[in-house]
Amino acid sequence: MDTTNLLVLNAWAIIPLVLVGSLLHFAYDWSGHNKVVAVFAAVNESYWEHIKIAFWPVLLWLVGLFALGGWQILGFIPAMTAALYSVPVSMVAMVFGYKSITGKNLLWLDIAVFAITVGLALMIFALVATELAASIWSIGISVLLLLPLGVAFIRYTYAPPNEPDLFVDPLNQRYGLDAHPEDN
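Using this note's numbering, read the sequence shown as starting at 1 and increasing by one per residue.
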């Protein structure tokens, strides 16, 4: 895989990945509340669940790129780690930022933030992967940093922390799978 085309390739992936993430918003219901699908799909309206449906498509895309030759790029894994950590950070910063101004959630802004988050993650990945000549140590540390992030998205689906800003469903003040209206 050539780093020259990485930025263009990732730019073209933004809209399809936003669409996949949007479909994941509804996949838990469509699956008949399948507990495996719950890991990847939104199970309620909390911020965490919206971060999750941006994270998984980006991860899948980057794993696909890795398999298609990305493994030849020294900075691939550290760039992937930076990109995936940017998903929760940028989404929380943008949503809480605009809410501090508007005082409420606005659907069109939530959708825009979702798309910007996915786009930002892909651009961070492409730029860092292109510029970074990583050592075996930075690659190893990056893998170690990726593991808890992936584990958190799985664990917090089933057992989210009792934290009201990020994990609570604003519609019913409940957490995780318990917050889904049809699972009560």
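Heads up, the beta-carbon is just placed ideally off N, CA and C, and yes, glycines get one too.
Name the DSSP bridge partner or partners of residue i?
i, result
"Tyr175", "Val168"
What are the boundary residues of the alpha helix (DSSP H) that includes residue i?
i, result
"Lys52", "47-67"
"Asn10", "6-30"
"Glu3", "As written in the sequence, residue 3 is Thr, which differs from the Glu given in the question. Per DSSP, Thr3 belongs to no alpha helix (DSSP H) and is neither H nor E."
"Pro148", "136-158"
"Val37", "37-40"
Between the beta-carbon of residue i and the beta-carbon of residue j, is there less than 8 Å?
i, j, result
"Ile77", "Ser142", "yes"
"Ile51", "Pro88", "yes"
"Ala115", "Val18", "yes"
"Phe125", "Leu177", "no"
"Leu132", "Gly70", "no"
"Phe267", "Leu84", "The question about residue 267 has no answer, for the chain in this structure spans 1 to 184."
"Tyr158", "Phe167", "no"
"Asp169", "Ser46", "yes"
"Val95", "Pro57", "no"
Could you name the residues of the same chain whose beta carbon sits closer than 7 Å to that of residue i, not counting the 5 residues immediately before and after it, in chain order?
i, result
"Thr3", "Ile73, Ala129, Thr130"
"His190", "Residue 190 lies beyond the range of the chain shown here (1 to 184); nothing can be said about it."
"Phe66", "Phe76"
"Ala79", "Phe125, Val128, Ala129, Leu132"
"Leu147", "none"
"Trp48", "Tyr156, Pro160, Leu166, Phe167"
Quick one: residues in its chain with C-beta nearer than 8 Å to the C-beta of residue i, no 5 flanking neighbours on either side, listed in chain order?
i, result
"Gly150", "Leu59"
"Met123", "Leu7, Asn10, Ala11"
"Tyr98", "Leu106, Leu109, Val113"
"Leu145", "Thr81, Tyr85"
"Asn34", "Tyr28"
"Asn162", "Tyr175"
For residue i, which residues in the same chain have their Cβ closer than 6 Å to its Cβ, ignoring the five residues on either side in sequence?
i, result
"Ser90", "Thr117, Leu120"
"Ala27", "Val37, Ala41"
"His180", "Val43, Asn44"
"Leu171", "Glu45"
List, from N- to C-terminal side, the alpha helix (DSSP H) runs of 4 residues or more that fit wholly inside the region 60-130. Fully contained in the region 60-130 are the following alpha helix (DSSP H) runs of length 4 or more, in chain order: 76-102.
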